[in-house]
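> Just so we're aligned: 175 in our numbering is position 174 of the sequence shown, and the numbers increase by one with no gaps anywhere. Ideal Cβ placement from N, Cα and C applies to all residues, glycine included. Treat the numbers as computed from the prediction; the structure is a model and nothing was measured.
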Amino acid sequence: MLRALIFDVDGTLAETEEAHRRAFNDTFAAAGLGWHWDHDTYLRLLKVTGGKERMKAWRVETGTGPHDSALAALHRAKTARYAEILATGGLKPRPGILRLIDEARAAGLRLAVATTTSPGNVEALARAIWRRGAADLFDVIAAGDEVTRKKPDPAVYLLALQRLGLPASAALAFEDSRNGVLAARAAGLSVVAAPSRFTAGDDLSSAGLVLPDLGGYALPTRAHQAG
Ligand code: XBP
Ligand code: MG
Numbered sequence: 002m003l004r005a006l007i008f009d010v011d012g013t014l015a016e017t018e019e020a021h022r023r024a025f026n027d028t029f030a031a032a033g034l035g036w037h038w039d040h041d042t043y044l045r046l047l048k049v050t051g052g053k054e055r056m057k058a059w060r061v062e063t064g065t066g067p068h069d070s071a072l073a074a075l076h077r078a079k080t081a082r083y084a085e086i087l088a089t090g091g092l093k094p095r096p097g098i099l100r101l102i103d104e105a106r107a108a109g110l111r112l113a114v115a116t117t118t119s120p121g122n123v124e125a126l127a128r129a130i131w132r133r134g135a136a137d138l139f140d141v142i143a144a145g146d147e148v149t150r151k152k153p154d155p156a157v158y159l160l161a162l163q164r165l166g167l168p169a170s171a172a173l174a175f176e177d178s179r180n181g182v183l184a185a186r187a188a189g190l191s192v193v194a195a196p197s198r199f200t201a202g203d204d205l206s207s208a209g210l211v212l213p214d215l216g217g218y219a220l221p222t223r224a225h226q227a228g
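(1) How about the segment 95-111 and the segment 27-42: do they share at least three Cβ pairs that are nearer than 8 angstroms?
(2) Out of 182, 102, 188 and 77, state which residue places its alpha-carbon closest to the alpha-carbon of residue 196.
(3) Pair every Cβ in the segment 153-173 with every Cβ in the segment 86-99, then say whether three or more of these pairs are closer than 8 angstroms.
(4) Using 10 angstroms around the beta-carbon of residue 225, count the other beta-carbons present and answer buried if the total reaches 16, otherwise exposed.
(5) Once you ignore the five residues that flank residue 214 on each side, which residues in its own chain have a CB closer than 7 angstroms to its CB?
(6) With three or more beta-carbon pairs closer than 8 angstroms as the criterion, would you say the segment 182-191 touches the segment 21-31?
(7) In the DSSP assignment, what residue or residues form a beta bridge with residue 175?
(8) Which residue from 16, 31, 7 and 160 puts its Cα closest to that of residue 82?
(9) Ligand 2: which residues have Cβ under 6 angstroms from any of its heavy atoms, chain order?
(10) Can you determine whether any heavy atom of ligand 4 sits closer than 7 angstroms to the C-beta of residue 158, and answer yes or no?
(11) With distance defined between alpha-carbon atoms, name the residue in 119, 161, 221 and 125 nearest to residue 90.
(12) Classify residue 117 as helix, strand or coil using the three-state DSSP reduction.
(13) Under 8 angstroms, do residue 135 and residue 123 count as touching if we go by C-beta distance?
(14) What are the start and end residues of the alpha helix (DSSP H) that includes residue 105?
(15) Quick check for students: name the residue ranges of the beta strand (DSSP E) that lie wholly in the segment 126-182, counting only runs of 3 or more.
(16) Rounded to the nearest angstrom, how far is the Cβ of residue 148 from that of residue 174, given a contact under 8 angstroms?
(17) Is it true that the CB of residue 117 sits closer than 8 angstroms to the CB of residue 51?
(18) What are the residues that DSSP puts in a beta bridge with residue 72?
(19) Would residue 15 and residue 72 qualify as a contact pair, given that the criterion is a beta-carbon distance under 8 angstroms?
(20) What residues are listed by DSSP as bridge partners for residue 111?
(21) Check whether the Cβ of residue 170 sits closer than 7 angstroms to any heavy atom of ligand 1, and report yes or no.
(22) Between 58, 53, 102 and 60, which has its C-alpha nearest residue 78's C-alpha?
Written out as C-alpha cells, the structure is:
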C-alpha cells in the first residue's frame, strides 16, 4: 500500500536549473575565474549530478580552475548566490505540484525529498514557492552531501526510505532526469517521470510512467494499489 511520496527537487518541483546556471556564472565572475557556462554547455554538464562534481568535471575538461578546498568554497558562494536569486521571486512550481502535495497530505501520505542539491537550497525553494520552511512541508529531507555517491547511485533514495522507515514498495518517486530515474529504480522504487526543460532529451524509459508534466496526474487510489 502506498504510504509516501518522494520528490526530486531540481526540475521536478520547479524549473530551477536556469537559476543554478546563473548562480554558478555570477560566482565564477565574482571570483575572477575565467569560467562561464552557456546554456548548451550547462545542458551537457548536467549529466554530472551535483554542483561541486560538475565544477570538478569542468576543471578536468578545461585544465584550469581551483584546487578542491577553494572549489568547495566557491560552491558555498554559489549556494548563497542561488538563495539570493530565488528570494527575488518569480520561481513557480511545475504544473500539478501544489495540488499533488496537498492531495497527498489530505490522503495521509508522508512526503519526502531525495535530491542532489544541498539542504539549504531545498529551504530556499520551499520559501520561494510555499513561503514555508522545508521541514514544515516535508517529513523527510535527504539531500546533497549527506550521501557520498550522488544520483544515479540509489544512496539518496535509500536514505530517504530509511528515514521514512518504509520499504521501497510503500513509496512512489517523482523525477525529471535520467540520472534521477535510474537512482530511484535502483533503490527499488516505482517512478513517475516528467522531463523538465533541461532534461527534455533524457531517456526516461525506465520509469513506470512518463508524463509531460504532473498537471493531470492522479494519485493511485487504494483500489489500484498492489498489496
Ligand atoms: C540536480 C543537480 C544539482 C543542481 C545544482 O540533480 O544536479 O546539482 O544542478 O545543485 P537532481 P548544487 O535534480 O537529479 O537532484 O550546486 O547544490 O549541487
Ligand atoms: Mg531533477
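The relevant details are as follows:
(1) Taking 8 angstroms as the limit for Cβ pairs, the verdict is that the segment 27-42 does not touch the segment 95-111.
(2) If you number the sequence shown from 1, residue 196 lands on position 195. The candidate whose alpha carbon is nearest that of residue 196 is 182.
(3) The segment 153-173 makes no contact with the segment 86-99: fewer than 3 CB pairs, one atom from each, lie closer than 8 angstroms.
(4) As a first step, residue 225 must be located in the sequence shown, where it is residue number 224. Here the model assigns residue 225 a pLDDT of 48, short of 50, so the residue's position is not dependable and the matter cannot be decided.
(5) Numbered from 1 along the sequence shown, position 213 holds the residue referred to as residue 214. Listed in chain order, the non-local C-beta contacts of residue 214 below 7 angstroms within the same chain comprise 95, 96, 97 and 195, local neighbours out to five positions each way being set aside.
(6) The segment 182-191 is not in contact with the segment 21-31.
(7) Translated into positions along the sequence shown, residue 175 becomes position 174. As a beta-bridge residue in DSSP terms, residue 175 pairs with 8 and 193.
(8) The count along the sequence shown starts at 1 and reaches residue 82 at position 81. When only C-alpha atoms are compared, the closest one is 31.
(9) After applying the 6 angstroms Cβ criterion, the set is 9, 11, 12, 13, 177, 178 and 181.
(10) Absent from the structure shown: ligand 4. Ligands present: ligand 1 and ligand 2.
(11) For this step, residue 90 is matched to residue 89 along the sequence shown. Here the closest residue by C-alpha is 125.
(12) Within the sequence shown, residue 117 is the residue found at index 116, counting from 1. It is coil, neither helix nor strand.
(13) To locate residue 135, count along the sequence shown from 1; it is residue 134. To locate residue 123, count along the sequence shown from 1; it is residue 122. Yes; because the gap between Cβ atoms is below 8 angstroms, this pair is in contact.
(14) Stepping through the sequence shown from its first residue, residue 105 is reached at position 104. Going by DSSP, residue 105 is part of the alpha helix (DSSP H) stretching over 98-107.
(15) Entirely contained in the segment 126-182, the beta strand (DSSP E) runs reaching 3 residues are, in chain order, 141-144 and 172-176.
(16) The residue labelled residue 148 in the question sits at position 147 within the sequence shown. The residue labelled residue 174 in the question sits at position 173 within the sequence shown. That pair is no contact at about 15 angstroms.
(17) Looking up residue 51 in the sequence shown gives position 50. Looking up residue 117 in the sequence shown gives position 116. Less than 8 angstroms divides the Cβ of residue 51 from the Cβ of residue 117.
(18) Numbered from its first residue, the sequence shown carries residue 72 at position 71. Residue 72 pairs with nothing; no bridge assigned.
(19) Locating residue 15 in the sequence shown gives position 14, counting from the first residue. Locating residue 72 in the sequence shown gives position 71, counting from the first residue. In this structure, residue 15 sits away from residue 72, with a CB-CB distance that is not shorter than 8 angstroms.
(20) On the sequence shown, residue 111 is found 110 positions in, with the first residue counted as 1. Note: residue 111 sits in a beta bridge opposite 5.
(21) Reading the sequence shown from its first residue, position 169 is the one you call residue 170. Proximity of the beta carbon of residue 170 to ligand 1 is not indicated: no heavy atom of the ligand is located closer than 7 angstroms.
(22) If you number the sequence shown from 1, residue 78 lands on position 77. Selected option, being the one with the closest Cα: 53.
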